[in-house]
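Residue numbers (our numbering): 9 to 233.
Only one structure is covered here, and it is reproduced in the block below.
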Amino acid sequence: MLKGLIFDLDGVLTDSAKFHLAAWNNLAQELGIKLTSAQLDSLRGISRMDSLNLILKYGKQENKYTKTQKEEFAAEKNEKFLEQVETMTPADILPGITELLADAKKAGLKMCIASASKNAPKILSKLGIASQFDQIVNPALLERGKPDPEIYQRAQQLLQLHNDEVISFEDAAAGVAAIKAAHQFAVGIGDKQILKGADYIVKSTKELKLDKIVAVFKRNNKKVG
Numbered sequence: 009m010l011k012g013l014i015f016d017l018d019g020v021l022t023d024s025a026k027f028h029l030a031a032w033n034n035l036a037q038e039l040g041i042k043l044t045s046a047q048l049d050s051l052r053g054i055s056r057m058d059s060l061n062l063i064l065k066y067g068k069q070e071n072k073y074t075k076t077q078k079e080e081f082a083a084e085k086n087e088k089f090l091e092q093v094e095t096m097t098p099a100d101i102l103p104g105i106t107e108l109l110a111d112a113k114k115a116g117l118k119m120c121i122a123s124a125s126k127n128a129p130k131i132l133s134k135l136g137i138a139s140q141f142d143q144i145v146n147p148a149l150l151e152r153g154k155p156d157p158e159i160y161q162r163a164q165q166l167l168q169l170h171n172d173e174v175i176s177f178e179d180a181a182a183g184v185a186a187i188k189a190a191h192q193f194a195v196g197i198g199d200k201q202i203l204k205g206a207d208y209i210v211k212s213t214k215e216l217k218l219d220k221i222v223a224v225f226k227r228n229n230k231k232v233g
C-alpha cells in the first residue's frame, strides 16, 4: 500500500539543475577543462565533491590538486550557485508539481526530499513549498552518493516506511539506479533511453498525474507479490 513519496530536487521540483551545471561549467573553464554536453549532463544528481572529481577526471587533472584546493573549488562553485538561488521564486516550480504535491497531501501521503544538494532547505524555502515535506535527507550525513541507494534508504527510514510503500522521483540515471538499488518504485522524468531503469517514465513534470502513477505502482506491486 502506498504511503509516501520521495523526491529528488534539482530537475524534479525545480530546474535549479541548470544553475548547478552552469556553475560547474564555469569552474571547469577556469581550470582549463572543456566539458562536452554529455560530460556536463553526467553531473546531474551526484554530490558536490563527486561532481568536482568527475570534472577533474575528464580534464585528466584528478591528481593535480590537494584536498584543500578541491574544497576551495567546490566552495567557489557553490557560491556562484547560491547567487542564482537567491533569484528563485514560486514561479520556478516546474509545471505539474504544485498539483502533484496537493494531490499527495489530499491522499495523506508522507513526503521526503532525497537530494544530493546541501542547499535543498534554502531552495524549498525560496520556492515556498518547504512546509509540504515531512522530512529532508541531510546529504552531509551520508557516506555514499548516488547511484548508491543510501540516500533513498535514508529517506524511507525518515518516513518510517517500507520500500514497497514508497514511490521515488528522479530525472537522472544515477538517481534512478539509486532508487532501484533501494528496491523502490522509480518514476523517471526525461529521456526514456537514459532513464530506462525506471518503472514509470514521463517526458516532463507536467505529465506527472498521481492517479496514473499509483495505478502502475499497484500493478507492479501485485506482480512482485
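Ideal Cβ positions, reconstructed from N, Cα and C, are used throughout, including at glycine.
Residue closest to I41, alpha-carbon to alpha-carbon, out of K154, A112, K72: K72
Can you pull the DSSP bridge partners for I121? F15, I144
Closest by C-alpha distance to K78, when choosing among V184, L60, K88: L60
In the structure shown, what three-state DSSP assignment does G40 receive? coil
Between the Cα of L149 and those of T95, I137, S123, spot the shortest distance and give me the residue it belongs to. S123
Taking the beta carbon of N33 as the centre, do at least 16 other beta carbons fall within 10 Å, making it buried, or is it exposed? buried
Are A189 and P147 touching if we call contact CB-CB under 7 Å? no
Look up T22 in the DSSP assignment and say whether it is helix, strand or coil. strand
L62 to S55, Cα distance in whole Å? 10 Å
Rounded C-beta distance between N143 and L167? I'm assuming under 8 Å. Sequence inspection shows Gln at residue 143; the Asn mentioned does not correspond to that position. The pair is a contact, with the Cβ atoms about 6 Å apart (cut-off 8 Å).
Excluding the 5 residues preceding and the 5 following V93 in the sequence, name in chain order all residues of the same chain whose CB lies nearer than 8 Å to its CB. S24, F27, N127, K130, I131, K134
Given that a residue counts as buried once 16 or more other Cβ atoms are within 10 Å of its Cβ, and exposed if not, what is Q161? So Q161 counts as buried.
Span separating the alpha-carbon of Q165 from that of F141: 15 Å
Distance, Q69 Cα to L218 Cα: 45 Å
May I ask you to report which of helix, strand or coil DSSP gives K226? helix
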